[in-house]
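A.B. asks:
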DNA sequence: CCTTTGTTCTATAAATGGTAGAACAAAATT
DNA sequence: AATTTTGTTCTACCATTTATAGAACAAAGG
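Protein chains in written order, with UniProt numbering: chain A, 1 to 125; chain B, 1 to 125.
Right, dumping it as structure tokens:
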């Protein structure tokens, strides 16, 4: 999986990393059961600090996407059940981007097609 | 339009305000041509600092959603043409939320229905 | 004429983001 | 068994961001 960090971005490095790992899973490049590199190895690979990678991993664990097993590694979790709480968090994430797309002039149909197109880039389960 | 600011949130106050104004426009509660309150009046109303509202307004202007006319007010803009650059910014905004929803276990169909449902809360143009 | 307006400036305080180094105990490897 | 690697934890430092505060200004509005 190729990670591309932009130091100049206004998005924090650890967030860029978190998002790109999630996108890698969505695309099927890495799958549940697979291990992520160690924080030290990944940090050296990306040219960032160990603590920055560590923060990203803990963010992913908080979201329920990976499981950090001390002295063993960060393993991608299997998908658990969809709770109402999780669904509301996801909806809260969608809210501002949908409203902005609509206000900036995209039609409902265009937005739906954009979302469908992006979903087609992801690997079916 | 009702604005609800959560001081305890990890989302900056000016971002919360920006998003809720955008959502208000999307719902049709405020329309192009309408004026937003003055930074001082809005700040007093919300119980936040004048500069915080000012920052939100400038963020909205940067996005092309309002026009700040000095000594006159902040007027909601009409929708301009959809450029390829704007579409790519919107797509970049969708990317992480779609990937996360998918990885957290929502099916493509569920995601599409969630988006459609949220779009139906918005006022047709 | 007076108030309101957005802008601009300085200032302060807390939180965030990123890097850095060191130390530790446990797991994995050799 | 000895060594390396691992995630964790701690302190430390620095720049930026977030939020508030007050003051001053010129221009628009009533």
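Glycine included, each C-beta is placed from N, C-alpha and C at the ideal position. Note that the coordinates shown come from a computational prediction; the quantities given were computed from them, not determined experimentally.
How about residue 116 of chain A: is its C-beta nearer than 8 Å to some C-beta of chain B?
C.D. replies: Position 116 of the first chain, counted from the first residue, corresponds to residue 116 of chain A. Answer yes: the Cβ-Cβ gap between residue 116 of chain A and chain B drops below 8 Å somewhere.
A.B. asks: Using the Cα positions of residue 9 of chain A and residue 17 of chain A, report the straight-line distance between them to the nearest angstrom.
C.D. replies: Residue numbering aside, residue 9 of chain A sits at position 9 when the first chain is read from its first letter. Residue numbering aside, residue 17 of chain A sits at position 17 when the first chain is read from its first letter. Residue 9 of chain A and residue 17 of chain A: Cα-Cα distance of roughly 12 Å.
A.B. asks: Could you give the distance in angstroms between the alpha-carbon of residue 101 of chain A and the alpha-carbon of residue 90 of chain B?
C.D. replies: Counting from one through the first chain, the residue named residue 101 of chain A turns up at place 101. Counting from one through the second chain, the residue named residue 90 of chain B turns up at place 90. Rounded to whole angstroms, residue 101 of chain A to residue 90 of chain B spans 6 Å at the Cα level.
A.B. asks: Roughly how many angstroms separate the alpha carbons of residue 37 of chain A and residue 58 of chain A, rounded to a whole number?
C.D. replies: Taking the first residue of the first chain as 1, we reach residue 37 of chain A at position 37. Taking the first residue of the first chain as 1, we reach residue 58 of chain A at position 58. Going from the Cα of residue 37 of chain A to the Cα of residue 58 of chain A covers about 14 Å.
A.B. asks: Closest Cβ-Cβ distance between residue 62 of chain A and chain B: below 8 Å?
C.D. replies: In the first chain, residue 62 of chain A corresponds to position 62, counting from 1. Not flagged as an interface residue toward chain B: residue 62 of chain A, since no C-beta distance is shorter than 8 Å.
A.B. asks: Where does residue 68 of chain A sit, in a helix, a strand or coil, going by DSSP?
C.D. replies: Here residue 68 of chain A refers to the residue found at position 68 when the first chain is read from its first residue. Correct three-state label for residue 68 of chain A: strand.
A.B. asks: Residue ranges of each beta strand (DSSP E) run of no fewer than 3 residues wholly in the UniProt domain "HTH gntR-type" (11-79) of chain A, ordered along the chain?
C.D. replies: 66-69, 73-76
A.B. asks: Taking only beta carbons into account, state which residues of the segment 77-105 of chain A come closer than 9 Å to chain B, listed in chain order.
C.D. replies: 79, 80, 81, 82, 86, 87, 89, 90, 91, 93, 94, 95, 96, 97, 98, 99, 100, 101, 102, 103, 104, 105
A.B. asks: How many Å lie between residue 42 of chain A and residue 124 of chain A at the Cα?
C.D. replies: The residue labelled residue 42 of chain A in the question sits at position 42 within the first chain. The residue labelled residue 124 of chain A in the question sits at position 124 within the first chain. Their backbone Cα atoms lie some 28 Å apart in a straight line.
A.B. asks: Consult DSSP for residue 122 of chain B and reduce its assignment to one of helix, strand or coil.
C.D. replies: By one-based count along the second chain, residue 122 of chain B stands at place 122. It is coil, neither helix nor strand.
A.B. asks: Taking C-beta to C-beta, are residue 104 of chain B and residue 93 of chain A nearer than 8 Å?
C.D. replies: Translated into the one-based positions of the second chain, residue 104 of chain B becomes position 104. Translated into the one-based positions of the first chain, residue 93 of chain A becomes position 93. Their beta carbons are not under 8 Å apart, which means residue 104 of chain B does not touch residue 93 of chain A by this criterion.
A.B. asks: Looking only at its own chain, which residues have a Cβ that is under 6 Å from the Cβ of residue 34 of chain A, when we skip the five neighbours before and after it?
C.D. replies: Taking the first residue of the first chain as position 1, residue 34 of chain A is located at position 34. Around residue 34 of chain A: 76.
A.B. asks: What first and last residue would you give for the alpha helix (DSSP H) that runs through residue 101 of chain A?
C.D. replies: Taking the first residue of the first chain as position 1, residue 101 of chain A is located at position 101. Residues 84-103.
A.B. asks: Of the choices B:111, B:3, B:12, whose alpha-carbon is the least far from that of residue 30 of chain B?
C.D. replies: Mapped onto the second chain, residue 30 of chain B falls at position 30. It is B:3 whose Cα lies nearest to the Cα of residue 30 of chain B.
A.B. asks: Rounded to the nearest angstrom, what separates residue 118 of chain A and residue 27 of chain A at their Cα positions?
C.D. replies: Here residue 118 of chain A is taken as the residue at index 118 of the first chain, counted from 1. Here residue 27 of chain A is taken as the residue at index 27 of the first chain, counted from 1. Cα to Cα, the separation comes out at about 10 Å.
A.B. asks: Using a Cβ cut-off of 8 Å, pull out every chain B residue sitting near residue 119 of chain A, in sequence order please.
C.D. replies: Numbered from its first residue, the first chain carries residue 119 of chain A at position 119. Those are 98, 102, 108, 111, 112, listed as they occur along chain B.
A.B. asks: With C-beta atoms as the reference, is residue 13 of chain A less than 8 Å away from residue 48 of chain A?
C.D. replies: Locating residue 13 of chain A in the first chain gives position 13, where the first residue counts as 1. Locating residue 48 of chain A in the first chain gives position 48, where the first residue counts as 1. In contact: residue 13 of chain A and residue 48 of chain A (Cβ atoms closer than 8 Å).
A.B. asks: Taking DSSP as the reference, what is the three-state secondary structure of residue 129 of chain A?
C.D. replies: It is not possible to answer for residue 129 of chain A, since the shown part of chain A is limited to 1 through 125.
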